[in-house]
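Using my numbering, you'd call the opening residue of the sequence shown number 59 and step up by one each time.
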Amino acid sequence: MGRIGTYALINAKVRAMRSLLLDERAYRTLLAAGSYRDLLVQLAGLGYGEMVDRVGYHHPAGLERALIREEIDRIRHIEKFSSGHLKTFARLLLERYESESLKVILRVWFNEGSGLEQIDPEPVLHEFPVDALLSSKSLKDFIGLLGGAPYAGPLTGAADAFQKHQSVFPLELAIDRMGIERLTDYLRDTDRTDRRIIRQLMGIEIDLRNLSWAGRFKTYYKMSSAEVVRNLLPWGYRLNTAKIRRMVAEGQYVSVILALSPEIRNLLPENIEDRVALESLETFIYRILFREAGRAFGEFPFSIGSVLGYYYLIRIESRNIRFLVEARQLGLTEEETESVLIF
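Encoded structure:
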């Protein structure tokens with residue numbers, strides 16, 4: 059089947075799904091909600107009725123898991139109607155959710171049960187024996203319970219670093235690296251157009267994730283600049299190791315952010331100090347991804363851009379909803395809330 063035939067059906071479905079995402083008018087309605095309950099009532103009328111019914115109106119703690127499950131269900135819907143390499147790609151996206159789920163289980167295990175409510179017991183691709191994993195006496199025992207899931211090798215390889223730092227961070231990093239390696243393997247069998255779209259969009263995400271993590275590595279793990287660079291994720295799109303090293307050593311955060319996207323200057327507050335707070339980087343991450351995800355839909359009508367663009371757009375929508383809920387709980391003004399939303 060030719061390129062057009064391969065993509066025509068799935069692109070039509072994904073574009074129809076995109077039309078159901080929240081638009082500016084919907085966000086204005088949600089911003090005007092006066093309380094948490096009012097917010098959920100409005101959200102239920104904007105396509106999230108089933109999710110709100112499951113979570114209820116009095117348990118915001120379950121909303122995070124429910125939003126992630128909503129994303130997973132939408133990607134599963136795409137996978138169901140895909141075939142060939144598109145189905146493989148959809149499964150790789152699902153694997154990213156599974157990886158995040160496993161990282162949550164690892165954190166709860168390491169913290170001896172703290173954060174248990176964050177675990178979603180529903181499987182994504184593989185069914186993890188959650189109770190047995192949390193009862194594991196050692197990392198070796200934990201790994202032995204993962205069965206046919208592809209995480210045993212990466213976790214075993216990171217075991218020494220786990221012992222050295224007494225932190226699950228090396229284990230989480232190993233899982234992320236595995237995901238990138240599997241995506242790299244996938245790219246070998248794709249055409250030039252799809253390869254470019256995936257490399258650019260996911261590469262920007264990795265650039266920005268590394269940018270955000272670099273300061274944390276040095277602050278919380280007391281790593282040298284060289285160690286930080288060695289621990290960063292590969293496959294970044296625009297950031298090289300020299301730029302990361304300069305950022306870590308000299309605190310040149312803003313100049314490095316601008317190296318990712320010069321257009322981001324209009325997103326930065328005027329007279330911002332060069333040592334910008336790392337917490338603000340998440341907003342930059344999602345603004346860039348939002349712009350590039352939208353562009354991916356239109357740049358090539360028959361490419362993987364619609365699937366990958368939709369993946370990022372639903373993640374951004376979930377992020378916005380989480381911020382709206384937190385804002386209502388904290389009593390933030392409409393203006394304060396809008397400043398962190400991306401639409």
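All C-beta atoms in this analysis are idealised placements derived from N, C-alpha and C, irrespective of residue type, glycine included. Remember, predicted model here, so these are calculated numbers, not experimental data.
Start and end residues, alpha helix (DSSP H) containing residue i
i    : result
N169 : Counting along the chain, N169 falls outside any alpha helix (DSSP H), and DSSP gives it neither H nor E.
V113 : 107-113
K138 : 121-138
G283 : Reading the sequence as shown, one finds Ser at residue 283 and not Gly. First-last of the alpha helix (DSSP H) with S283: 283-289.
L88  : 82-89
L97  : 94-101
Assumed close pair residue i, residue j - CB separation to whole angstroms, cut-off 8 Å
i    : j    : result
S361 : D252 : 6 Å
I136 : I62  : Their Cβ separation, rounded to whole angstroms, is 18 Å, which puts I136 and I62 out of contact at 8 Å.
L28  : V226 : The question about residue 28 has no answer, for the chain in this structure spans 59 to 401.
S376 : L125 : 4 Å
G171 : L191 : G171 to L191, Cβ: 12 Å. No contact.
L97  : R386 : 5 Å
V188 : I177 : 6 Å
E350 : I264 : In fact, because the Cβ distance is near 13 Å, the residues do not count as touching under 8 Å.
R95  : Y65  : The Cβ separation is near 43 Å, so there is no contact.
G367 : F358 : The Cβ separation is near 11 Å, so there is no contact.
H184 : E156 : 7 Å
Under the three-state DSSP convention, the category residue i falls into
i    : result
I400 : coil
L390 : coil
I256 : helix
Q224 : coil
F358 : coil
A335 : Note that A335 scores a pLDDT of 46, beneath 50, so its modelled location is shaky; the value from the coordinates is reported in the next line. Coil.
A403 : Missing from the structure shown is residue 403; the chain here goes from 59 to 401 and no further.
E410 : The requested residue 410 is not part of the displayed model; the chain covers only 59 to 401.
P118 : helix
S194 : coil
T64  : helix
S77  : coil
D249 : coil
Y370 : helix
A70  : helix
D178 : coil
P212 : helix
W407 : Lying before the first or after the last residue shown, residue 407 is absent from the chain, which here runs from 59 to 401.
A385 : helix
N268 : helix
G142 : helix
G173 : coil
N298 : coil
Closest by C-alpha distance to residue i, when choosing among the options
i    : options                : result
D111 : K301, A102, D265       : A102
E393 : I233, I264, L89, D234  : L89
G92  : L269, I400, L388       : L388
P292 : R353, L241, G142       : L241
L174 : E129, G120, I238       : G120
I238 : L290, G352, L79        : L290
E285 : R380, M109, N378, P228 : P228
R345 : N378, L366, E357, T87  : N378
V182 : F168, R154, I201       : R154
E122 : I262, R132, R380       : R380
E108 : R353, T87, M281, D131  : D131
I343 : L266, P179, T391       : L266
S159 : F139, G142, F186, L347 : F186
A232 : K71, N169, L347, T214  : T214
T395 : G352, S196, T341       : T341
L371 : E128, T87, V99         : E128
I302 : M281, N268, Y295       : N268
T248 : R149, S270, H143       : H143
Residue i CB to nearest heavy atom of the ligand SAM below 8 Å
i    : result
F401 : Of ligands this structure carries none, so the ligand SAM is not represented either.
key: Three or more C-beta pairs below 8 Å linking the region 196-212 and the region 257-267   = no
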